Amino acid sequence: MSIISVRDLAVEYDGRRVLDGLNLDIEPGQITVLLGGSGSGKSTLLRQILGLEHPKSGSVSIKGTDITRCSQADLNKVRRSLGVAFQSAALFNSLSLEDNVALTLREHTALAPSIIDLIVWMKLAVVGLADFGKLHPQELSGGMKKRAAVARALAMDPEILVLDEPSAGLDPIVAAELDELILFLKGTFQITALVVTHELDSAFRIADRIAMLFDGRLLAVGTKDEIRANQHPRVRQFLDRVPGSPVHMPALASYLERYVQSKEAKP
Amino acid sequence: MANLLEIAGRETLSQLDYVGSLNIQLWATLRGMRAALPLVGNRHRWRAAVHQMLEIGVDALPMVALMAVCSGFILAMQGASELRRFGALHYVIDLVAVGFTRELGPLLTAIAVSGRSGSAFAAEIGTMKVTEEIDALKVMAFEPVEFVLAPKYLAALVAVPCLSIVAAFFGILAGGLFMFFSTHLGLLLYLRYVLTSIELRDVVAAMIKSLAFATIIAHVGCLEGLRVRGGPDAVGRSTTSAVVRSTFLVIVADAIFTTIFYFVGKA
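The listed protein sequences derive, respectively, from chains V and W. Position one of the first sequence corresponds to residue 208 (the working numbering), numbered consecutively onward. Position one of the second sequence corresponds to residue 30 (the working numbering), numbered consecutively onward.
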């Protein structure tokens, strides 16, 4: 049985359809990668799965709870089984790294402070930041922030880890280190992970399954090999890095000519 | 004509939307405020509220005191220059005492707090929105209204009346110094005159005004922060808007309260 189930999901912004009748199942214990270009609807789908926005129609079920229709209390219960690392890391700048990781433990559990300190140290050690706990987010590099966000996401030992563009904007070495970290977490904690990315190397390195989005629809879902073998033109275009809409020089020249003429016509 | 109607309609809808948002947020915050109370609430929220009280109240103390001293001197000197012609210089004491207790104490404090803390609320919350920290709070199963807004409201409701008392004290003290240097009236005698000219209802009116001003400042500052869409420039705009709107609303509220108290006092 799938741990996350998306059914006929449709999302609109100001009448513009961003997700259109989307269906997706995420299996427990697997790393599922949501792949797609900019504007394909990846982040919108992620926000729906996190319950941050309401869809126009359809449902999102996490561990059997339809989060589009449940109460706030049930939604919060579901959210406690999620660990989320945002694209911008979204660490609380007023708190140290330790306090960022400890926040949910202090607020949602009755653990003794000494136990919380130990857990925080362990989570930071997992991502290689055990010596940086006293620092504040603004004192960290981009890669360290991303790893700190993962540590915070792991604080409550979540069943599902959600990572939004974990390697975006990072150099290849740090990006590769993050990929290894995700694989390590899956191998060690049998965690279910949903990773949103448009980085092909990273996606094919970590994924058990890949779901490819284009224009608010799922083009293909399958294993790495199935996606590699997929012959859908848009999938091929994305995987083979073929430009989508090259600049059409004659059309551009004609547009510029009309623009200049309209400017000259004005007194 | 149609264009004018369209603009008027759009502007009316925008203002109604703003007022509606203010009401929804006020209701949500009042419900969340319990969590920030000592003993019955969450100790982390109470600690955050105390921290905010220190920032709003103690940090603003020198500025508010200085503003009140300057305004006290101005009011006493302007009053004296006219009242002296009628041989009624002693009425300067009533003017300063009643003026600062009923009016200038709460108003000067509100303007100072609006500039310092209202803008800080908008900037802090706006930045949290831009950097996805508000979303992070939601997915960590926290209620942002309870976590971020409630401590600020509680702090403002405690700090602004306290600051108003301080402002009234320093304003009246400045009037006393003026009277000492201009008429050699002893400070103790001056204070005795002050106590006879102030009635309990003046103090009650001042406290009611202060609480209303505190609500407006916290409310507008937080709402402007939550309405931020976009990047850092939007945070700047929301900060400016928070100061302008809250100062404007404070003055409007002051006019309404003063009118009410005037007619209630006459009855």
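Backbone N, C-alpha and C fix where the C-beta goes; we use that ideal spot for every residue, glycine too. For clarity, every value in this text was computed on a predicted model and none was experimentally measured.
Using the beta-carbon of each residue, which ones in chain V are nearer than 7 Å to A170 (chain W)? The residue labelled residue 170 (chain W) in the question sits at position 141 within the second sequence. Residues of chain V passing the Cβ test: N283, R286, R287, H315.
Would you tell me roughly how many angstroms separate the C-alpha atoms of H439 (chain V) and L183 (chain W), rounded to the nearest one? Counted from its first residue, the first sequence places residue 439 (chain V) at position 232. Counted from its first residue, the second sequence places residue 183 (chain W) at position 154. Approximately 58 Å, taken between the alpha carbons.
Sub-8 Å separation of G101 (chain W) and F129 (chain W) beta-carbons: Locating residue 101 (chain W) in the second sequence gives position 72, counting from the first residue. Locating residue 129 (chain W) in the second sequence gives position 100, counting from the first residue. Against a cut-off of 8 Å, the Cβ pair of F129 (chain W) and G101 (chain W) comes out as a contact.
Could you spell out the range, first to last residue, of the alpha helix (DSSP H) harbouring M208 (chain W)? Along the second sequence, one-based indexing puts residue 208 (chain W) at 179. Segment 179-212, the alpha helix (DSSP H) holding M208 (chain W).
Hey, T160 (chain W) and S295 (chain V) are a contact pair by Cβ (cut 8 Å); roughly how many whole angstroms apart? The residue you call residue 160 (chain W) lines up with position 131 of the second sequence. The residue you call residue 295 (chain V) lines up with position 88 of the first sequence. With a Cβ gap of about 6 Å, T160 (chain W) and S295 (chain V) count as contacting.
Can you give me the start and stop residues for the alpha helix (DSSP H) that D408 (chain V) sits inside? The residue given as residue 408 (chain V) occupies position 201 in the first sequence. 407-413 is the span of the alpha helix (DSSP H), which, as asked, contains D408 (chain V).
Coarse secondary structure for F339 (chain V), derived from DSSP in three states: Walking along the first sequence from the start, residue 339 (chain V) turns up at place 132. Reduced to three states, the DSSP call for F339 (chain V) is helix.
So what does V218 (chain V) bridge to, in DSSP terms? Residue 218 (chain V) sits at position 11 when you count from the first residue of the first sequence. V218 (chain V) pairs with V:L226.
Buried/exposed call for F445 (chain V), threshold 16 Cβ in 10 Å: Translated into the one-based positions of the first sequence, residue 445 (chain V) becomes position 238. Buried: at least 16 other Cβ atoms inside 10 Å.
I'd like to check one pair, A355 (chain V) with L392 (chain V): are the Cβ atoms closer than 8 Å? As a working mapping, residue 392 (chain V) is identified with position 185 in the first sequence. As a working mapping, residue 355 (chain V) is identified with position 148 in the first sequence. No, they are not a contact pair.
In this structure, how does DSSP classify M208 (chain V) when only helix, strand and coil are distinguished? As a first step, residue 208 (chain V) must be located in the first sequence, where it is residue number 1. Reduced to three states, the DSSP call for M208 (chain V) is coil.
Tell me, please, which residues DSSP counts as bridged to F293 (chain V). Position 86 of the first sequence holds residue 293 (chain V). In DSSP, F293 (chain V) forms a bridge with V:A296.
Length-filtered (4 minimum) alpha helix (DSSP H) runs lying within the segment 94-178 of chain W: 120-127, 134-142, 148-159, 162-168
Confirm, please, whether the CB-CB distance from A319 (chain V) to V334 (chain V) is below 8 Å. In the first sequence, the residue the question calls residue 334 (chain V) occupies position 127. In the first sequence, the residue the question calls residue 319 (chain V) occupies position 112. No.
T368 (chain V) - partner residues in DSSP beta bridges: Stepping through the first sequence from its first residue, residue 368 (chain V) is reached at position 161. Here the sequence assigns Leu to residue 368 (chain V), which means Thr is not the residue at that position. Answer by DSSP bridge pairing, in chain order: V:G290, V:A400.
Considering just the uninterrupted stretch of the beta strand (DSSP E) at A427 (chain V), what are its terminal residues? Position 220 of the first sequence holds residue 427 (chain V). 424-429 is the extent of the beta strand (DSSP E) around A427 (chain V).
Three-way DSSP call (helix, strand, coil) for S226 (chain W) in this model: Taking the second sequence and counting its residues from 1, one reaches residue 226 (chain W) at position 197. Correct three-state label for S226 (chain W): helix.
Proximity winner among W:N71, W:V264, W:A188, W:S267, relative to V142 (chain W) (alpha-carbon distances): Here residue 142 (chain W) corresponds to residue number 113 of the second sequence, with the count starting at 1. Selected option, being the one with the closest Cα: W:A188.
Do L342 (chain V) and L304 (chain V) have their CB atoms nearer than 8 Å? Mapped onto the first sequence, residue 342 (chain V) falls at position 135. Mapped onto the first sequence, residue 304 (chain V) falls at position 97. In this structure, L304 (chain V) lies closer than 8 Å to L342 (chain V) by Cβ.
Would you call the CB atoms of L95 (chain W) and V125 (chain W) closer than 8 Å? For this step, residue 95 (chain W) is matched to residue 66 along the second sequence. For this step, residue 125 (chain W) is matched to residue 96 along the second sequence. No. Outside cutoff.
Is the number of C-beta pairs between the segment 131-146 of chain W and the segment 258-276 of chain V that are closer than 8 Å three or more? no
Beta carbon proximity, A480 (chain V) to chain W, threshold 8 Å: The requested residue 480 (chain V) is not part of the displayed model; chain V covers only 208 to 474.
Against chain W, with Cβ distances strictly below 8 Å, would A436 (chain V) count as a contact? In the first sequence, residue 436 (chain V) corresponds to position 229, counting from 1. Chain W, which has no Cβ nearer than 8 Å to the Cβ of A436 (chain V), makes this no.
Please state whether DSSP places I246 (chain W) in a helix, a strand or coil. Position 217 of the second sequence, counting from 1, holds the residue named residue 246 (chain W). In this structure, I246 (chain W) counts as helix in the three-state DSSP scheme.
Under 8 Å, Cβ to Cβ, is there at least one residue of chain W near T275 (chain V)? Against the first sequence, residue 275 (chain V) aligns to sequence position 68. So no, T275 (chain V) is outside the interface.
Taking the alpha carbon of S50 (chain W) as the point to measure from, which residue in W:D262, W:G260, W:L255, W:V69 has its own alpha carbon closest? Counted from its first residue, the second sequence places residue 50 (chain W) at position 21. With distances taken between Cα atoms, S50 (chain W) lies closest to W:L255.
Any C-beta of chain V under 8 Å from that of K167 (chain W): Position 138 of the second sequence holds residue 167 (chain W). It does; some Cβ of chain V falls within 8 Å.
Taking the alpha-carbon positions, what's the R443 (chain V) to V449 (chain V) distance? If you number the first sequence from 1, residue 443 (chain V) lands on position 236. If you number the first sequence from 1, residue 449 (chain V) lands on position 242. Cα to Cα, the separation comes out at about 8 Å.
Proximal residues of chain V, C-beta to C-beta of D164 (chain W) below 9 Å: Looking up residue 164 (chain W) in the second sequence gives position 135. Within chain V, the residues near D164 (chain W) are R254, L257, L259, V291, F293, A297.
Is S301 (chain V) helix, strand or coil when you go by DSSP? The residue labelled residue 301 (chain V) in the question sits at position 94 within the first sequence. Three-state DSSP puts S301 (chain V) in coil, outside helix and strand.
When V:S247, V:V240, V:G222, V:D215 are compared against F421 (chain V), the one with the closest alpha-carbon: Taking the first residue of the first sequence as 1, we reach residue 421 (chain V) at position 214. It is V:S247 whose Cα lies nearest to the Cα of F421 (chain V).
According to a CB-to-CB cut-off of less than 9 Å, which residues of the segment 143-160 of chain W neighbour chain V? E153, T156, M157, V159, T160
Using the Cα positions of A292 (chain V) and I323 (chain V), report the straight-line distance between them to the nearest angstrom. Taking the first residue of the first sequence as 1, we reach residue 292 (chain V) at position 85. Taking the first residue of the first sequence as 1, we reach residue 323 (chain V) at position 116. Taking the straight line from one Cα to the other gives about 20 Å.
Contacting positions in the segment 61-76 of chain W - beta carbon closer than 7 Å to chain V: H73
Positions along the segment 413-433 of chain V whose CB lies within less than 9 Å of some CB in chain W: none
Validate contact between the segment 168-181 of chain W and the segment 111-123 of chain W using beta carbons, cut 8 Å, 3 pairs: no
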